[in-house]
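Under UniProt numbering, the residues of the sequence shown are numbered 1 to 759, in order.
Just so you know, even glycine gets a beta-carbon here, dropped at the ideal spot from N, CA and C.
If you're wondering where the values come from, they're calculated on a predicted model, not measured in any experiment.
Let me begin by presenting the structure, written as structure tokens, before commenting on it.
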Amino acid sequence: MFTKWRIFAVNHQRTFSVHLNTMCYCKITANLKRLKTQLPLTRNYSSAPGIVGSDVKSLHSIINPPVAKIRNIGIMAHIDAGKTTTTERILYYSGYTRSLGDVDDGDTVTDFMAQERERGITIQSAAVTLDWKGYRVNLIDTPGHVDFTVEVERCLRVLDGAVAVFDASAGVEAQTLTVWRQADKHKIPRICFLNKMDKTGASFNYAVESIREKLKAKPLILQLPIGEARTFQGVVDVVNKEKLVWNSNSDDGKDFERMPLSEASDRELLKETIEARNSLIEQVADLDDEFADLVLGEFSENFDLVPAEKLQAAVHRVTLAQAAVPVLCGSALKNKGVQPLLDAVTTYLPSPEEREDRFLQWYEGDLCALAFKVLHDKQRGPLVFLRIYSGTLTPQLAVHNINRHCTERMSRLLLPFADQHVEIPSLTAGNIALTVGLKQTATGDTIVSSKSSALAAARRAGRGEREHGKKREAESLLLAGVEVPEPVFFCTIEPPSVAKQPDLDHALERLQREDPSLKVKLDPDSGQTVLCGMGELHIEIIHDRIKREYGLETYLGPLQVAYRETILNSVRATDTLDRVLGDKRHLVSAELEVRPAEEPCAVAKIEYADCVGEDLLQASREAIESAVHSACLQGPLLGSPVQDVAMTLHSLVIHPGTSTTMVTACISRCMQKALKKADKQVLEPLMSLEVTVSREYLSPVLADLAQRRGNIQEIQTRQDNRVVIGFVPLAEIMASNIGEDRYLLLKVVRRNRLSPNQS
Numbered sequence: 001m002f003t004k005w006r007i008f009a010v011n012h013q014r015t016f017s018v019h020l021n022t023m024c025y026c027k028i029t030a031n032l033k034r035l036k037t038q039l040p041l042t043r044n045y046s047s048a049p050g051i052v053g054s055d056v057k058s059l060h061s062i063i064n065p066p067v068a069k070i071r072n073i074g075i076m077a078h079i080d081a082g083k084t085t086t087t088e089r090i091l092y093y094s095g096y097t098r099s100l101g102d103v104d105d106g107d108t109v110t111d112f113m114a115q116e117r118e119r120g121i122t123i124q125s126a127a128v129t130l131d132w133k134g135y136r137v138n139l140i141d142t143p144g145h146v147d148f149t150v151e152v153e154r155c156l157r158v159l160d161g162a163v164a165v166f167d168a169s170a171g172v173e174a175q176t177l178t179v180w181r182q183a184d185k186h187k188i189p190r191i192c193f194l195n196k197m198d199k200t201g202a203s204f205n206y207a208v209e210s211i212r213e214k215l216k217a218k219p220l221i222l223q224l225p226i227g228e229a230r231t232f233q234g235v236v237d238v239v240n241k242e243k244l245v246w247n248s249n250s251d252d253g254k255d256f257e258r259m260p261l262s263e264a265s266d267r268e269l270l271k272e273t274i275e276a277r278n279s280l281i282e283q284v285a286d287l288d289d290e291f292a293d294l295v296l297g298e299f300s301e302n303f304d305l306v307p308a309e310k311l312q313a314a315v316h317r318v319t320l321a322q323a324a325v326p327v328l329c330g331s332a333l334k335n336k337g338v339q340p341l342l343d344a345v346t347t348y349l350p351s352p353e354e355r356e357d358r359f360l361q362w363y364e365g366d367l368c369a370l371a372f373k374v375l376h377d378k379q380r381g382p383l384v385f386l387r388i389y390s391g392t393l394t395p396q397l398a399v400h401n402i403n404r405h406c407t408e409r410m411s412r413l414l415l416p417f418a419d420q421h422v423e424i425p426s427l428t429a430g431n432i433a434l435t436v437g438l439k440q441t442a443t444g445d446t447i448v449s450s451k452s453s454a455l456a457a458a459r460r461a462g463r464g465e466r467e468h469g470k471k472r473e474a475e476s477l478l479l480a481g482v483e484v485p486e487p488v489f490f491c492t493i494e495p496p497s498v499a500k501q502p503d504l505d506h507a508l509e510r511l512q513r514e515d516p517s518l519k520v521k522l523d524p525d526s527g528q529t530v531l532c533g534m535g536e537l538h539i540e541i542i543h544d545r546i547k548r549e550y551g552l553e554t555y556l557g558p559l560q561v562a563y564r565e566t567i568l569n570s571v572r573a574t575d576t577l578d579r580v581l582g583d584k585r586h587l588v589s590a591e592l593e594v595r596p597a598e599e600p601c602a603v604a605k606i607e608y609a610d611c612v613g614e615d616l617l618q619a620s621r622e623a624i625e626s627a628v629h630s631a632c633l634q635g636p637l638l639g640s641p642v643q644d645v646a647m648t649l650h651s652l653v654i655h656p657g658t659s660t661t662m663v664t665a666c667i668s669r670c671m672q673k674a675l676k677k678a679d680k681q682v683l684e685p686l687m688s689l690e691v692t693v694s695r696e697y698l699s700p701v702l703a704d705l706a707q708r709r710g711n712i713q714e715i716q717t718r719q720d721n722r723v724v725i726g727f728v729p730l731a732e733i734m735a736s737n738i739g740e741d742r743y744l745l746l747k748v749v750r751r752n753r754l755s756p757n758q759s
């Protein structure tokens with residue numbers, strides 16, 4: 001994920017663009033409130049046994065199958081594509097809810113936060129556990145809003161597969177590209193579900209083509225729709241040459257009929273299905289050698305004789321290799337196509353043992369887990385979500401945190417089901433657990449049974465670590481954590497009184513532990529607390545949570561965009577620090593050079609000249625790096641962080657007895673001198689923009705974007721609409737910079753969202 005940064009014309013220098021690994025988003029309709037009143041609704045899913053009706057399964061009845069029959073999946077998509085509605089149907093058809101929840105009514109299982117119900121969007125990921133036809137499915141519903149992309153990132157890190165949901169009328173949208181790249185980074189096999197086939201303007205062929213063109217993926221069409229938009233009735237199973245038609249009189253979608261296609265009644269549909277099946281067989285044969293040998297050897301003359309089981313096994317292998325993506329369709333809101341989607345999840349997505357995790361062999365069955373999410377419960381305290389990669393978790397188990405170098409005792413083990421959890425006696429490898437009692441653990445920490453277990457595993461992994469680096473053996477087995485981009489929005493936050501400052505600090509500390517993308521810092525000049533987030537909605541949600549969950553009426557300052565600074569040329573600087581403290585003299589002399597980095601980098605690159613002694617570096621390396629990084633926190637132009645800078649230390653003379661604090665002070669002062677002498681520029685965040693607009697409103701939208709210093713790249717045609725693609729400075733599309741007339745225009749143009757697409 002990258003955001004472009006436009007360079008202001010400072011010192012009359014040339015304007016160009018660079019990339020920074022960060023993420024931000026402007027939400028035009030951040031202050032839009034729902035008009036209808038939200039009422040507290042009764043939850044309709046099971047918790048404890050004994051109070052559950054005969055028609056709803058208890059969480060205690062969830063099966064515990066072998067690893068081969070476990071599926072850890074996530075639902076990911078652009079906002080409003082139907083992720084939460086699809087999840088709600090999955091829970092209903094698997095028997096874990098009494099009724100179908102609705103996002104508009106605010107009674108869905110996974111959107112349990114008050115802010116989620118009021119806004120009708122998913123803000124934080126929610127995990128549920130269910131079973132389907134002998135398989136155990138650990139499902140995570142993720143947010144679609146770009147402000148909460150970190151939630152998607154940390155969930156995909158621990159999942160084995162994903163279902164990408166698409167709006168069939170829009171195809172691939174801006175945030176779809178972002179979550180797809182995240183899945184690519186973590187090498188997650190995917191299934192595509194073309195939702196909203198009943199929506200006006202829905203087009204199966206357009207959505208499939210957008211997957212092929214925009215995502216550069218190879219779609220494997222496993223289903224065909226029977227009708228589109230208002231005429232959508234069901235789907236055709238291409239693999240088995242059957243049609244699935246839902247009863248129009250059924251309110252919940254449970255009543256549907258699966259029938260073989262016949263020449264008499266479905267001639268055209270059967271012809272289309274045979275063509276699609278033959279094309280599917282050819283596609284899979286091109287991607288899977290084993291299936292190609294089978295087809296060419298036994299069924300080369302007639303593809304119709306290829307067994308469905310063989311074709312399904314080949315599609316599974318292709319999906320696991322991420323060579324192609326199966327495509328299914330339906331309408332979750334109209335309760336059509338969800339049961340076949342669940343079948344596809346169990347058939348085509350991998351089990352935990354099919355995913356390559358080479359480090360597991362080093363633990364030899366010992367506990368190894370990754371903490372990927374932390375929540376705070378008022379009664380239980382910190383709740384830590386763990387993905388178990390090997391070993392078994394039990395209550396009252398003492399575990400070792402490799403990242404924090406500490407040992408903690410886990411008091412309770414819970415099975416997650418949104419905001420309701422059931423205590424369980426144990427949980428085996430391949431599952432997702434919720435633990436109570438881990439007070440030091442944070443997102444991205446690696447959990448093992450003991451320190452000796454980690455050291456033994458490191459030794460089994462090979463002693464090459466000591467040759468290739470100086471890391472401790474335990475650190476060599478750290479599981480990859482979660483990459484958190486730097487925030488680009490910030491504002492001050494103040495408590496109602498000075499006496500409430502400790503309470504605010506406590507609340508922000510907890511929220512930071514829950515949300516790694518939230519940053520809190522203290523302004524050195526004003527002494528104010530500064531809140532840094534991923535977008536306007538992100539900060540608004542944090543402000544609201546402080547009020548609701550911690551009872552603090554805080555005040556936010558004006559929202560500002562976080563700019564960056566950089567240099568344009570190489571500059572040398574020298575500095576000497578000579579101080580006498582007590583009876584001791586501290587003397588440091590340094591000479592260094594700063595220059596533009598060859599590649600974009602958020603943190604300054606540090607190099608050392610050959611003339612700098614190795615012994616001296618060993619004693620002062622940490623102090624030097626600390627000084628350079630602190631000097632880059634505030635640039636000489638606007639006080640913004642400095643990036644894309646490389647520093648070379650040419651000379652360092654330290655008087656015997658000089659403290660490392662003095663070394664840090666001297667290097668930091670010398671670095672600041674060099675930055676002031678260099679030619680400088682301010683970097684401005686640019687957002688990739690996509691606006692879908694009807695033809696009659698195209699000219700006003702283009703004129704508005706031109707006033708915002710927008711750079712239009714392309715205007716595409718999407719059915720009857722136009723799609724404007726370009727770049728706009730983030731500061732120009734903040735909600736506070738949009739007048740009421742322009743806001744209404746954007747609202748009229750079919751609820752268009754200025755959605756980002758990190759380049």
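Nearest residue (CA-CA) to residue i, options the options
i      : options                        : result
GLN681 : GLY726, GLY635, GLY710         : GLY635
ASP644 : GLU565, LEU269, ASN711, PRO496 : GLU565
ALA631 : CYS611, VAL653, ASP610, ILE606 : ILE606
MET687 : ARG595, VAL561, GLY74, HIS586  : VAL561
PHE232 : ARG71, HIS405, LEU581, GLY201  : GLY201
ALA313 : LYS334, TYR348, GLU282         : TYR348
Cα-Cα separation, residue i to residue j
i      : j      : result
VAL103 : ILE123 : 13 Å
GLN713 : GLY726 : 5 Å
GLN339 : THR87  : 11 Å
PRO416 : GLU408 : 21 Å
SER450 : GLU553 : 43 Å
LEU393 : PRO65  : 16 Å
ILE121 : ASP111 : 8 Å
VAL628 : LEU702 : 44 Å
SER203 : ASP377 : 44 Å
GLY557 : LYS373 : 29 Å
THR441 : ASN711 : 45 Å
LEU537 : GLU173 : 20 Å
MET410 : GLU514 : 18 Å
THR37  : ALA292 : At THR37 the pLDDT is 35, less than 50, meaning the model places this residue with poor confidence; the figure from the coordinates comes in the next sentence. The alpha-carbon atoms of THR37 and ALA292 are separated by roughly 59 Å.
ASP578 : PRO656 : 12 Å
GLY74  : GLU151 : 11 Å
ASP251 : GLU509 : 46 Å
Residue i vs residue j beta-carbon contact at 8 Å
i      : j      : result
VAL723 : LEU689 : no
VAL146 : THR178 : yes
PRO352 : GLY430 : yes
ALA623 : THR664 : yes
THR346 : TRP180 : no
ASP198 : GLY144 : no
GLY330 : ASN195 : yes
MET671 : VAL612 : no
Rounded Cβ spacing between residue i and residue j (contact assumed at less than 8 Å)
i      : j      : result
THR576 : THR529 : The pair is not a contact, with the Cβ atoms about 37 Å apart (cut-off 8 Å).
MET647 : LEU592 : 6 Å
LEU518 : ILE542 : 6 Å
ALA183 : ALA170 : At roughly 19 Å, the Cβ-Cβ gap does not stay under 8 Å, so ALA183 and ALA170 are not in contact.
LEU531 : PHE490 : 6 Å
Opening and closing residue of the alpha helix (DSSP H) in which residue i lies
i      : result
PRO340 : 338–348
ILE388 : ILE388 -> not in any alpha helix (DSSP H); beta strand (DSSP E) instead, spanning 381–390.
ILE90  : 83–93
LYS547 : 536–550
Extent of the continuous beta strand (DSSP E) run through residue i
i      : result
ARG564 : 564–567
ILE221 : 219–221
GLY297 : Note, GLY297: premise wrong, no beta strand (DSSP E); alpha helix (DSSP H) at 289–298.
PHE727 : 721–729
PHE489 : 489–494
CYS329 : 325–329
Any non-hydrogen atom of the ligand FAD within 7 Å of residue i CB
i      : result
PHE359 : Of ligands this structure carries none, so the ligand FAD is not represented either.
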